[in-house]
Amino acid sequence: MVAEESKVEIPASEKLAEIIAEVAGCHKCPLAQTRNKTVPGEGSPTAEIMFVGEGPGRDEDETGRPFVGRAGKFLDELIASLPMRREDVYIANIVKCRPPNNRDPERAEVDQCSDYLTQQIEIIDPLVIVPLGRHALGWFMPELRITQSNGKIFRNNNRVLMPLLHPSSGLRNPEHKRMLQEGIHNLRDAILEGIRIRNEIDQRSRIPIDRKHESPRSAPPADLETAASDTNSESESTVVEQAEAVALAETSPAESSVNLFERPQTRDEIQAELNRQRAIDAAEEAAEGQTEKLVVDDRQASFF
Ligand code: SF4
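Following our numbering from start to finish, the sequence shown increments by one per residue and tops out at 1262.
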């Protein structure tokens, strides 16, 4: 008799703890020689929003925690204005050790370290990633400019990106501070877009597609086709897609009328909005001959 194989899923918190331990002992790049403490990242292992900065500063290097100086306090204020708690999100940096004198990390240092961030993103699997500042944005989508992208919604690697200016820039520049305070409230639209993408992917995974015999009529949208067969970010982050995503962010505030943050939402209200989103998606699918009903998974429900 063959014993049944039991698959035990390792909790995200344990996987993240393994990365933290690995970072603590990491000497892959020269920043290990000048750091005081490593700053691997912190927050909820099941966060739906992940903030990503460039690298630790002096306060972070002393404490081992991300965004704890003046800029970090401003970030806390921005998160609280949603309103959310810092513990509900995940905050990390691209490089986990402080570059001396707060210089920009060098390309080789980013290349050595960024695999940790890639793993963190895969484990946490957030609905929305918020790159903070031009260097963080450049790691995800180097073709974008941070001042033009602040608070706008982009699709990248089947995730939603909503870049924001770096909080330290908001401390120095009143206009940037205003842009940050306004931009962060677009997170509600970004989250809804993230839910829509997740629904698309969930549905695709349930519909077997024989690509060889697939008719052009039933072909999935090009971006999903690409995502299913290719993990190269460049292939999906075309300028056209970015423009479409920006247009969505700029022209659909009425579509995203549910306010997830500014006042308490009842579960019924939130469910009604999710139902509305599902109905829109189902109508689009029906138009393409695919009428399978979308199902909101438990994770989405629990997020709200
Ligand atoms: S910056 Fe990253 S790669 Fe370099 S030593 Fe620190 S943890 Fe390792």
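Here a beta-carbon is modelled for each residue, glycine too, at the ideal position from N, C-alpha and C.
{"Check": "Consider the Cβ of P1041: report whether some Cβ of chain C lies at a distance smaller than 8 Å.", "Outcome": "No chain C is part of this structure, which consists of one protein chain only."}
{"Check": "Rounded to whole angstroms, what is the Cα-Cα separation between A1142 and A990?", "Outcome": "One detail in the question is off: residue 1142 reads as Ile in this sequence, not Ala. Taking the straight line from one Cα to the other gives about 33 Å."}
{"Check": "On the CB-based measure, 16 or more other CB atoms within 10 Å of its CB, does H985 come out buried or exposed?", "Outcome": "exposed"}
{"Check": "Apply the 10 Å Cβ neighbour rule to N1114 and answer buried if 16 or more other Cβ atoms are within range, or exposed otherwise.", "Outcome": "buried"}
{"Check": "Leaving out the 5 sequence neighbours to the left and right, which residues in its chain are closer than 6 Å to K973 when beta-carbon positions are compared?", "Outcome": "I1081"}
{"Check": "Given a cut-off of 8 Å on the beta-carbon distance, is the pair A1066 and C987 in contact?", "Outcome": "yes"}
{"Check": "Looking only at C-alpha atoms, which of C1071, E1151, I1079, V1068 sits nearest to E1000?", "Outcome": "I1079"}
{"Check": "Excluding the five sequence neighbours on either side, which residues of its own chain have a C-beta within less than 7 Å of the C-beta of L902, listed in chain order?", "Outcome": "Here the chain has residues from 959 to 1262 only, and residue 902 is not among them."}
{"Check": "Check whether the segment 1047–1059 touches the segment 992–1009, counting contact only when three or more Cβ pairs, one atom from each stretch, lie closer than 8 Å.", "Outcome": "yes"}
{"Check": "In this structure, does DSSP put I1111 in helix, strand or coil?", "Outcome": "coil"}
{"Check": "Where Q1223 and R1156 are concerned, what is the direct C-alpha to C-alpha distance, given to the nearest angstrom?", "Outcome": "Unreliable placement is indicated for Q1223, whose pLDDT of 46 sits below 50; the coordinate value is still reported in the next sentence. Roughly 22 Å separates the two Cα atoms."}
{"Check": "Does the segment 1125–1134 come into contact with the segment 1143–1163, if we say contact requires no fewer than three beta-carbon pairs (one atom in each stretch) closer than 8 Å?", "Outcome": "no"}
{"Check": "Quick check: is any heavy atom of ligand 1 less than 7 Å from the C-beta of H1143?", "Outcome": "no"}
{"Check": "Within its chain, find whatever has a CB closer than 7 Å to the CB of L970; leave out the 5 residues flanking it on each side and keep chain order.", "Outcome": "The question names Leu, but residue 970 in the sequence shown is Ala. Here the set comprises P1003, T1004, I1081, I1082."}
{"Check": "Relative to ligand 1, is the shortest distance from any of its heavy atoms to the C-beta of V1053 smaller than 7 Å?", "Outcome": "yes"}
{"Check": "The beta strand (DSSP E) spanning V1118 covers which residue range?", "Outcome": "1117–1119"}
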